[in-house]
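K.L.:
Here it is, the structure in full.
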Amino acid sequence: MRSPPSPLLANVHVDKLEDNFKVSPLQPRVLMRYLDDYIPIWLYEREKLEDYLKFRRGVDGNIKFTMDVGEERRLVLLDVEVIRSYGTLKRNLFRKKSYAGIMFNFESHYNYRMEISILRSMIIRSLRLMDVEFWNEELEKLTRIFIGYGYAREVLQRNILAVKSQWHDGDHDRKIKIEKESEMWICLPSCEIAQNYG
Numbered sequence: 001m002r003s004p005p006s007p008l009l010a011n012v013h014v015d016k017l018e019d020n021f022k023v024s025p026l027q028p029r030v031l032m033r034y035l036d037d038y039i040p041i042w043l044y045e046r047e048k049l050e051d052y053l054k055f056r057r058g059v060d061g062n063i064k065f066t067m068d069v070g071e072e073r074r075l076v077l078l079d080v081e082v083i084r085s086y087g088t089l090k091r092n093l094f095r096k097k098s099y100a101g102i103m104f105n106f107e108s109h110y111n112y113r114m115e116i117s118i119l120r121s122m123i124i125r126s127l128r129l130m131d132v133e134f135w136n137e138e139l140e141k142l143t144r145i146f147i148g149y150g151y152a153r154e155v156l157q158r159n160i161l162a163v164k165s166q167w168h169d170g171d172h173d174r175k176i177k178i179e180k181e182s183e184m185w186i187c188l189p190s191c192e193i194a195q196n197y198g
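Structure follows, in structure tokens:
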């Protein structure tokens, strides 16, 4: 999907396929989709889930549907591990075993602001995708990764605290900053013009 209209065309095609899925005798309770990834909530037996997958594969022979079934009450969807716990769903960040944690070295010749922006983006991404109970563990991992690339511990802690201070119980605190209106100044290039406008 390298072409810009590819996601749009894939979305249109999958929408048409979903109309055909509605004729299946067994339906998931809930079916959510992000582009071509689905997460269903299935209330029937596991064998019937296999039958449903066979039905879906039969709708269009050009598309091969695959299925990951959650094990130990855990299911990975995109970069998030969804954990079923006491009737609720919790979210934790998921990284593949091949994840290398490669970042810019702090002592490279990149602009300091860009390096801090990357650091903050990684922190914000972690906080957004995870429930609060997993934050500390993830922030420790990020700290180890960034220290390995030459970031000072003080810089890391200062930015972690700055980003965390904007989040409360997993929600971003959208603060509205009210600034005083500043006076407008006009700089005129010539003394004669300045005298005329006195």
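For the sequence shown, counting from 1, position 14 maps to 14 in the UniProt record's numbering; every step adds exactly one.
We put the CB at the ideal spot given by N, CA and C, even for glycine.
Small disclaimer: the values here were computed from a predicted structure and weren't measured.
CB-CB under 7 Å to L129, same chain, minus the five flanking residues each way: which ones, in chain order?
P.N.:
Translated into the one-based positions of the sequence shown, residue 129 becomes position 129. Same-chain partners within the cutoff: D79, V80, R91, L93.
K.L.:
Helix, strand or coil for E72, going by three-state DSSP, please let me know.
P.N.:
Walking along the sequence shown from the start, residue 72 turns up at place 72. Reduced to three states, the DSSP call for E72 is coil.
K.L.:
From the DSSP output, in three-state form, read off I39 for me.
P.N.:
For the purposes of this step, residue 39 is taken as residue 39 along the sequence shown, with counting starting at 1. The answer is strand: DSSP assigns I39 an E or B state.
K.L.:
Helix or strand or just coil, what does DSSP make of R174?
P.N.:
Counting from 1 along the sequence shown, the entry for residue 174 is found at position 174. Caution is warranted here: a pLDDT of 48 is assigned to R174, below 50, making its placement in the model unreliable, and the coordinate value is therefore given only provisionally. Three-state DSSP puts R174 in coil, outside helix and strand.
K.L.:
Hey, I145 and G101: beta-carbon distance below 8 Å or not?
P.N.:
Position 145 of the sequence shown holds residue 145. Position 101 of the sequence shown holds residue 101. Yes, Cβ-Cβ distance for I145 and G101 is below 8 Å.
K.L.:
Tell whether a beta-carbon distance below 8 Å holds between F65 and R74.
P.N.:
Taking the first residue of the sequence shown as position 1, residue 65 is located at position 65. Taking the first residue of the sequence shown as position 1, residue 74 is located at position 74. Going by C-beta atoms, F65 is not nearer than 8 Å to R74.
K.L.:
Could you tell me how far apart the beta carbons of I118 and V163 are, in whole angstroms, since I believe they sit closer than 8 Å?
P.N.:
Locating residue 118 in the sequence shown gives position 118, counting from the first residue. Locating residue 163 in the sequence shown gives position 163, counting from the first residue. Between V163 and I118 the Cβ distance is about 13 Å, and since that is not below 8 Å, they are no contact.
K.L.:
For I160, count neighbouring C-beta atoms within 10 Å of its own C-beta (all shown protein chains included) and say buried if the count is 16 or more, exposed if not.
P.N.:
Start at 1 with the first residue of the sequence shown, and residue 160 comes out as number 160. Its Cβ being crowded by 16 or more others within 10 Å, I160 is buried.
K.L.:
Considering only their Cβ atoms, is the gap separating V59 from D68 smaller than 8 Å?
P.N.:
As a working mapping, residue 68 is identified with position 68 in the sequence shown. As a working mapping, residue 59 is identified with position 59 in the sequence shown. The answer is no: Cβ separation not under 8 Å.
K.L.:
By alpha-carbon positions, which one of N111, Q27, L8 ends up nearest to D36?
P.N.:
Here residue 36 corresponds to residue number 36 of the sequence shown, with the count starting at 1. Here the closest residue by C-alpha is L8.
K.L.:
Let's test the definition: count the other Cβ atoms within 10 Å of the Cβ of L139 and tell me whether it reaches 16, buried, or not, exposed.
P.N.:
As a working mapping, residue 139 is identified with position 139 in the sequence shown. Buried is the call here.
K.L.:
Is Y151 helix, strand or coil when you go by DSSP?
P.N.:
Within the sequence shown, the letter at position 151 stands for residue 151. Reduced to three states, the DSSP call for Y151 is coil.
K.L.:
Cα separation between K16 and W42?
P.N.:
For the purposes of this step, residue 16 is identified with residue 16 of the sequence shown, where counting begins at 1. For the purposes of this step, residue 42 is identified with residue 42 of the sequence shown, where counting begins at 1. K16 and W42: Cα-Cα distance of roughly 22 Å.
K.L.:
Alpha carbon to alpha carbon, what distance is there between K97 and R46?
P.N.:
Numbered from 1 along the sequence shown, position 46 holds the residue referred to as residue 46. Numbered from 1 along the sequence shown, position 97 holds the residue referred to as residue 97. Each residue's alpha carbon lies about 27 Å from the other.
K.L.:
Report the option in R29, W167, I116, S121 whose CA atom is closest to the CA atom of E154.
P.N.:
Locating residue 154 in the sequence shown gives position 154, where the first residue counts as 1. Measuring from the Cα of E154, the nearest candidate turns out to be I116.
K.L.:
Return the first residue and the last residue of the alpha helix (DSSP H) that L8 is part of.
P.N.:
What you label residue 8 is simply residue 8 of the sequence shown in a count that begins at 1. 6-21 is the extent of the alpha helix (DSSP H) around L8.
K.L.:
Can you name the start and end residues of the beta strand (DSSP E) that M67 belongs to?
P.N.:
Here the question's residue 67 lines up with position 67 in the sequence shown. Premise fails: M67 is in no beta strand (DSSP E) and is neither H nor E.
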